[in-house]
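Throughout the sequence shown, residue numbering follows the working numbering, covering 81 to 211 in sequence.
The beta carbon of each residue, even a glycine, is placed where N, CA and C say it ideally should be.
Data first, discussion second: the structure below is written as C-alpha cells.
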Amino acid sequence: MHIRSIYEEHYLGETYRTGVAYLRARNEDDDRAPRRVGDHSLARQREFIAKAARAQGVIIIAEYIEYGDQEGYRPAFTSAVTFMSETGVPDLFVAREAYLARRQSDFRLFMETLKNSRIELVTAIDRWKQY
81 MHIRSIYEEH
91 YLGETYRTGV
101 AYLRARNEDD
111 DRAPRRVGDH
121 SLARQREFIA
131 KAARAQGVII
141 IAEYIEYGDQ
151 EGYRPAFTSA
161 VTFMSETGVP
171 DLFVAREAYL
181 ARRQSDFRLF
191 METLKNSRIE
201 LVTAIDRWKQ
211 Y
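In C-alpha cells form, the structure reads like this:
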C-alpha cells in the first residue's frame, strides 16, 4: 500500500502513519487567519504543519479549512473528526492550539470530542518547542 502526502514538503521515509491538517481562514476570499485566532495565512499554516508532520514521520493525507470565527458548530472540524474516525487516522495537526479554538469553552469541547474519538491533537507551533 502506497500512501502519498497532499503536501509537497512531507516526510520522505517509509511509513504508514497518517495525519489530517486543520486550518483556519477569515473567509474563502481572504486566506489570513481570523483576527482573534492568529496571524498566519493558509500557506504559512501549511508550512508549519508540513514541517511538524515530517519531524514526526507522519504523512498528511487530508486537509480541512474552517472559515470565520463563529462560536460553536464548526463544519470543517466535524468533517475532519468524522473522516478520521472512519479511517483510523490518529493525528490532527493544527498550526497552534488557538487555531483549533480561541475560546476556552470551545477548546474544552473540541478536546473532549478528540479524546472520545481517540484522536491526538498535534500543534506545529508550541511555546516550548518548534520543529
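Element boundaries [alpha helix (DSSP H), containing residue i]
{"i": "Y179", "result": "177-180"}
{"i": "I129", "result": "122-136"}
Identified DSSP bridge partners for residue i
{"i": "Y102", "result": "Y144"}
{"i": "E200", "result": "D171"}
{"i": "D110", "result": "N107"}
Residue i and residue j closer than 9 Å at C-beta
{"i": "A204", "j": "F128", "result": "yes"}
{"i": "L194", "j": "V161", "result": "yes"}
8 Å contact criterion, which residue i and residue j should meet: CB distance rounded
{"i": "G26", "j": "A175", "result": "Nothing can be reported for residue 26: it is not among the residues displayed for the chain, which extend from 81 to 211."}
{"i": "Q136", "j": "Y179", "result": "About 18 Å separates the two Cβ atoms, so there is no contact after all."}
Original post:
At a cut of 8 Å, does the stretch 99-117 reach the stretch 184-193 through at least three beta carbon pairs?
Top reply: no
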